[in-house]
Ligand SMILES: Cc1ncc(COP(=O)(O)O)c(C=O)c1O
């Protein structure tokens with residue numbers, strides 16, 4: 005099938021907005037990927053600094069993981085309900101040794117949002133007198149009906165309101181507001197230790213620890229969503245290590261298999277599980293997922309963790325992240341008309357752009373130089389952060405190559421009159437509302453049948 009045929013099917017059978025986006029972005033179709041690069045169906049290779057917002061931490065199609073998964077597939081892929089396999093048991097034991105404190109009860113799911121919901125259910129059941137949740141403004145925790153309740157990015161939930169009303173939003177980094185919101189105690193506080201999405205905010209030192217202390221003082225549960233940050237992305241195995249925090253539950257997903265299988269897990273403390281079972285009479289079966297934690301996924305996770313440890317990817321992310329961030333800051337400082345800030349920790353780095361038009365223009369110019377970046381796809385955000393999230397296996401040469409391309413990109417943008425960006429901003433804000441024929445004409449899409 006050629007690209008347009010694929011897009012037509014997408015338009016008819018799935019999502020017309022996505023089809024329009026594929027057309028106007030002029031992105032070719034991804035065909036294969038190895039290590040740090042992705043190859044399209046026309047044979048062009050791209051350095052992947054998007055990584056599906058942090059998923060492919062061990063590089064694409066990592067042979068160490070693929071061989072382990074193949075061996076597992078040769079014996080059993082999905083276990084019969086109620087049974088258990090050796091690699092699942094090993095994975096549970098492994099997570100228990102890696103995580104701090106008594107975080108050692110693993111509940112497996114298939115997606116991040118599902119694992120978030122599991123944590124919400126556990127939090128509500130742990131203390132039925134407390135139903136209030138505290139969340140961070142602009143945080144992202146998934147889009148199922150349950151997880152929408154605690155989503156700080158309000159745009160995603162508007163069409164589905166009314167949802168739970170006992171949820172308070174607190175700005176990231178504002179400990180005074182957090183203290184006020186927690187008051188005498190709430191069911192749970194949900195936090196991404198590094199605020200991701202199109203924002204990328206690094207917490208001030210000690211901030212997560214202060215929240216932990218407030219939770220301990222008030223008997224509120226602390227739930228860390230480390231779906232984006234864990235397994236080295238932030239420069240530590242887990243981002244909670246920066247503040248030596250031990251939450252009551254931690255949620256892991258993306259990096260857990262490095263994109264080799266779809267999996268998520270909520271790991272709760274032994275003490276919380278004890279309370280649920282002994283004090284609340286909860287049967288833990290009500291929390292589980294039938295297909296969560298199958299041998300195929302769990303083997304991928306176990307071997308990905310082995311690979312991450314063997315290669316010491318967290319230390320690599322810390323070291324190479326400094327190189328990338330320093331370079332991005334040096335280059336961006338010359339162009340304050342385009343870049344407001346360059347946040348980063350480990351290999352979670354980004355450019356806070358002055359406008360969506362600048363974010364899009366940089367993405368396109370970097371694409372022309374065969375580098376994929378993590379575009380926020382959030383035309384409502386005035387200053388989106390364009391993410392640079394390479395696999396943690398990225399080399400120094402690849403980072404330097406990306407930095408050179410960024411230099412060229414910003415030089416090219418500087419040559420354009422600024423009013424072009426103003427027009428582009430209007431276009432981006434209205435792109436899905438204007439007649440498609442006009443949008444296609446403006447973005448140079450050839451005639452669509
Ligand atoms: C921090 C965070 N939480 C939750 C989710 C939801 O995960 P999923 O898309 O697998 O449901 C994501 C996904 O990007 C995420 O980044």
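In the working numbering, the protein residues as written are 5 to 453. Heads up, the beta-carbon is just placed ideally off N, CA and C, and yes, glycines get one too.
Length of the line joining the Cα atoms of residue i and residue j
{"i": "residue 379", "j": "residue 278", "result": "43 Å"}
{"i": "residue 314", "j": "residue 70", "result": "16 Å"}
{"i": "residue 199", "j": "residue 234", "result": "13 Å"}
{"i": "residue 434", "j": "residue 346", "result": "27 Å"}
{"i": "residue 238", "j": "residue 441", "result": "43 Å"}
{"i": "residue 10", "j": "residue 312", "result": "36 Å"}
{"i": "residue 228", "j": "residue 213", "result": "12 Å"}
{"i": "residue 299", "j": "residue 319", "result": "29 Å"}
{"i": "residue 393", "j": "residue 174", "result": "26 Å"}
{"i": "residue 176", "j": "residue 403", "result": "30 Å"}
{"i": "residue 48", "j": "residue 6", "result": "15 Å"}
{"i": "residue 81", "j": "residue 267", "result": "14 Å"}
{"i": "residue 270", "j": "residue 129", "result": "15 Å"}
{"i": "residue 283", "j": "residue 252", "result": "16 Å"}
{"i": "residue 387", "j": "residue 410", "result": "18 Å"}
{"i": "residue 444", "j": "residue 428", "result": "14 Å"}
{"i": "residue 168", "j": "residue 153", "result": "6 Å"}
{"i": "residue 391", "j": "residue 377", "result": "6 Å"}
{"i": "residue 190", "j": "residue 172", "result": "10 Å"}
{"i": "residue 99", "j": "residue 157", "result": "30 Å"}
{"i": "residue 348", "j": "residue 336", "result": "13 Å"}
{"i": "residue 389", "j": "residue 366", "result": "11 Å"}
{"i": "residue 166", "j": "residue 124", "result": "18 Å"}
{"i": "residue 162", "j": "residue 399", "result": "42 Å"}
{"i": "residue 46", "j": "residue 32", "result": "8 Å"}
{"i": "residue 30", "j": "residue 147", "result": "27 Å"}
{"i": "residue 452", "j": "residue 368", "result": "22 Å"}
{"i": "residue 447", "j": "residue 414", "result": "21 Å"}
{"i": "residue 208", "j": "residue 325", "result": "18 Å"}
Residues near residue i by beta carbon distance below 7 Å, same chain, minus five either side
{"i": "residue 467", "result": "The structure shown does not extend to residue 467, since the chain is modelled only from 5 through 453, so no value can be given for it."}
{"i": "residue 183", "result": "218"}
{"i": "residue 382", "result": "202 and 388"}
CB contact check: residue i to chain C, cutoff 7 Å
{"i": "residue 63", "result": "Checking the listed chains, one finds no chain C in this structure; it contains a single protein chain."}
Exposure label - residue i; buried when at least 16 CB within 10 Å
{"i": "residue 372", "result": "exposed"}
{"i": "residue 285", "result": "exposed"}
{"i": "residue 406", "result": "buried"}
{"i": "residue 424", "result": "exposed"}
{"i": "residue 134", "result": "buried"}
{"i": "residue 85", "result": "exposed"}
{"i": "residue 342", "result": "buried"}
{"i": "residue 164", "result": "exposed"}
{"i": "residue 420", "result": "exposed"}
{"i": "residue 97", "result": "exposed"}
{"i": "residue 307", "result": "buried"}
{"i": "residue 240", "result": "buried"}
{"i": "residue 205", "result": "buried"}
{"i": "residue 294", "result": "exposed"}
{"i": "residue 170", "result": "exposed"}
{"i": "residue 55", "result": "buried"}
Beta-carbon proximity list for residue i, same chain, < 8 Å, skipping 5 on both sides
{"i": "residue 186", "result": "138, 193, 218, 219, 222 and 224"}
{"i": "residue 210", "result": "247"}
{"i": "residue 22", "result": "14"}
Contacts around residue i, its chain only, beta-carbon distance under 6 Å, and the 5 residues preceding and following it disregarded
{"i": "residue 250", "result": "104 and 105"}
{"i": "residue 257", "result": "116, 231 and 268"}
{"i": "residue 216", "result": "226 and 249"}
{"i": "residue 196", "result": "143 and 229"}
{"i": "residue 112", "result": "269, 296 and 297"}
{"i": "residue 302", "result": "91, 92 and 95"}
Pick out the complete beta strand (DSSP E) segments inside the stretch 147-212, 3 residues or longer, and give them in chain order. 171-174 and 192-195
Going along the chain, which unbroken runs of the beta strand (DSSP E) with 3 or more residues stay wholly within the stretch 229-312? 253-256 and 268-273
Give, in chain order, every unbroken run of the alpha helix (DSSP H) that is at least 4 residues long and sits entirely within the stretch 18-75. 20-29 and 55-58
Could you tell me which whole alpha helix (DSSP H) segments of length 4 or greater appear in the stretch 316-391? 317-336 and 360-372
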